[in-house]
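Engineer:
Numbering (our numbering), first residue to last: 41 to 338.
1. Could you have a look at residue 110 and say whether DSSP puts it in helix, strand or coil?
2. Just mark residue 274 as buried or exposed, buried being the case when its beta carbon has 16 or more other beta carbons within 10 Å.
3. Using CA atoms only, rank isn't needed, just tell me which of 244, 66 and 114 is closest to residue 189.
4. Identify the residues that DSSP records as bridge partners of residue 219: which are they?
5. Considering only residues of the same chain and omitting the five flanking positions on each side of residue 297, which have a CB-CB separation below 8 Å?
6. With contact counted as at least three CB pairs below 8 Å, one residue from each stretch, are the segment 154-163 and the segment 108-118 in contact?
7. What does DSSP give as the partner residues of residue 283 in its beta bridges?
8. What is the residue span of the beta strand (DSSP E) that residue 298 lies within?
9. Say whether chain B places a C-beta atom closer than 7 Å to the C-beta of residue 144.
10. Whole angstroms are fine: how far does the CA of residue 308 sit from the CA of residue 213?
11. Starting from residue 241, follow its DSSP beta bridges and name the residues at the other end.
12. May I have the straight-line CA-CA distance separating residue 96 from residue 109, to the nearest angstrom?
13. How many Å lie between residue 56 and residue 80 at the Cα?
14. Using 8 Å as the threshold, is the segment 84-91 in touch with the segment 48-55, meaning 3 or more CB pairs across them?
15. Would you kindly check if the distance between the Cβ of residue 318 and the Cβ of residue 215 is under 7 Å?
16. By the three-class DSSP mapping on this structure, what secondary structure does residue 330 have?
17. Is the separation between the beta-carbon of residue 270 and that of residue 237 shorter than 7 Å?
18. Using a 10 Å radius around the Cβ and a threshold of 16 neighbouring Cβ atoms, would you call residue 204 buried or exposed?
19. For the alpha helix (DSSP H) holding residue 85, just list the boundary residues, first then last.
20. Quick one: residues in its chain with C-beta nearer than 6 Å to the C-beta of residue 135, no 5 flanking neighbours on either side, listed in chain order?
21. If you compare alpha carbons, which of 210, 154, 314 and 219 is closest to residue 303?
22. Can you tell me whether residue 132 is buried or exposed, with buried defined as 16 or more other CB within 10 angstroms of its CB?
23. So, helix, strand or coil for residue 322, using DSSP?
24. With DSSP run on the structure shown, which of helix, strand or coil describes residue 214?
25. Between which two residues does the alpha helix (DSSP H) carrying residue 232 extend?
26. Hey, residue 310 and residue 322: beta-carbon distance below 7 Å or not?
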């Protein structure tokens, strides 16, 4: 019988295993993905991707030959398109969290599609023979339960990373209305941030998006928000350098702050402070529109 064919059975198991590994990787790197500016930086989208992969993996294992083959082709065809778009736009796909980029996932997706074609050629009756899918709904529900369990694991990772090493504390949307966490106790020069209005920019020296944002919106000091001073933190190592009233990725810093465990920063983050409290903020892909809005309200 067709779905007892060794090649098809191996393809089925490999396709399902890759999906489950990808879902687990997203859970493992959950806080890091949300700090980036890739496709999955939105928490709702990330949760949906994890649940989708879990359901698809279980359904591929449980379904009849015909439906299984079409599901593999559809799912991996979609992933190939996403990976290709990520490569063309130099974006983060986060298909396997922070383990692999699109340059690895796209060839993997294509390999699965090629395997589907080979199996189809070797089994010409594959698309005409189908076993009962009466249990598919039950397995689909099982996949949903697995997916929701993984999502809960991702949320737990996010909460524990916040408590344990500060990975989460620079998420812009969660900082609004809270005190700015890099303060004078870490470096006396930063006590100035506790009063007045400040524009805070957190950037990485090796982040192309960070460099582009600084050049596009902050190369002209006269275009900074009125009556607002600036401070820039340069992330990427345990000691962060910072510049007061100067936005640049080069030159001697004003001072440094040290971390026992460095918070993860993958993309530019902007914060408006007033009296030491975060008044407004944006990071990742939202940073550009936020910076543009600052220019318009100058």
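Ideal Cβ positions, reconstructed from N, Cα and C, are used throughout, including at glycine.
Structural biologist: On the basis of the supplied data:
1. Here residue 110 corresponds to residue number 70 of the chain shown, with the count starting at 1. Helix.
2. By one-based count along the chain shown, residue 274 stands at place 234. Buried: at least 16 other Cβ atoms inside 10 Å.
3. The residue labelled residue 189 in the question sits at position 149 within the chain shown. For the residues 244, 66 and 114, the minimum Cα distance to residue 189 belongs to 66.
4. Translated into positions along the chain shown, residue 219 becomes position 179. In DSSP, residue 219 forms a bridge with 317.
5. Counting from 1 along the chain shown, the entry for residue 297 is found at position 257. These residues qualify, in order along the chain: 222, 226, 227, 230, 273, 279, 280 and 282.
6. yes
7. To locate residue 283, count along the chain shown from 1; it is residue 243. DSSP lists 272 as partners of residue 283.
8. Within the chain shown, numbered from 1, the residue matching residue 298 stands at position 258. Going by DSSP, residue 298 is part of the beta strand (DSSP E) stretching over 295-298.
9. The question asks about chain B, but that chain is absent: this structure has only one protein chain.
10. Position 173 of the chain shown, counting from 1, holds the residue named residue 213. Position 268 of the chain shown, counting from 1, holds the residue named residue 308. Distance between the alpha carbons of residue 213 and residue 308: 14 Å.
11. Residue 241 sits at position 201 when you count from the first residue of the chain shown. 272 and 310, per the DSSP bridge assignment.
12. By one-based count along the chain shown, residue 96 stands at place 56. By one-based count along the chain shown, residue 109 stands at place 69. The alpha-carbon atoms of residue 96 and residue 109 are separated by roughly 12 Å.
13. Taking the chain shown and counting its residues from 1, the one referred to as residue 56 is at position 16. Taking the chain shown and counting its residues from 1, the one referred to as residue 80 is at position 40. Going by the C-alpha atoms only, they are around 21 Å apart.
14. The answer is no - the segment 48-55 does not touch the segment 84-91, with fewer than three Cβ pairs under 8 Å.
15. Counted from its first residue, the chain shown places residue 215 at position 175. Counted from its first residue, the chain shown places residue 318 at position 278. Closer than 7 Å, so yes.
16. For the purposes of this step, residue 330 is taken as residue 290 along the chain shown, with counting starting at 1. Three-state DSSP puts residue 330 in a helix.
17. Stepping through the chain shown from its first residue, residue 270 is reached at position 230. Stepping through the chain shown from its first residue, residue 237 is reached at position 197. No, the pair does not count as a contact, with Cβ atoms beyond the cut-off.
18. Start at 1 with the first residue of the chain shown, and residue 204 comes out as number 164. Low local confidence applies: a pLDDT of 45 at residue 204 is under 50, so the model's placement there is unreliable, and no value is given.
19. Taking the chain shown and counting its residues from 1, the one referred to as residue 85 is at position 45. It spans 83-102 - the alpha helix (DSSP H) in which residue 85 sits, taken as one unbroken run.
20. Here residue 135 is taken as the residue at index 95 of the chain shown, counted from 1. Excluding positions up to five away in sequence, the list reads 62 and 145.
21. Taking the first residue of the chain shown as position 1, residue 303 is located at position 263. Looking at the Cα atoms, 210 is the closest of the given residues.
22. Taking the first residue of the chain shown as 1, we reach residue 132 at position 92. That one is buried.
23. Residue numbering aside, residue 322 sits at position 282 when the chain shown is read from its first letter. Residue 322 falls in the strand class under three-state DSSP.
24. On the chain shown, position 174 is the one that residue 214 refers to. In the three-state reduction of the DSSP assignment, residue 214 falls in the helix class.
25. As a first step, residue 232 must be located in the chain shown, where it is residue number 192. Residue 232 -> no alpha helix (DSSP H), and no H or E assigned at all.
26. Residue numbering aside, residue 310 sits at position 270 when the chain shown is read from its first letter. Residue numbering aside, residue 322 sits at position 282 when the chain shown is read from its first letter. Cβ distance < 7 Å, so residue 310 and residue 322 count as in contact.
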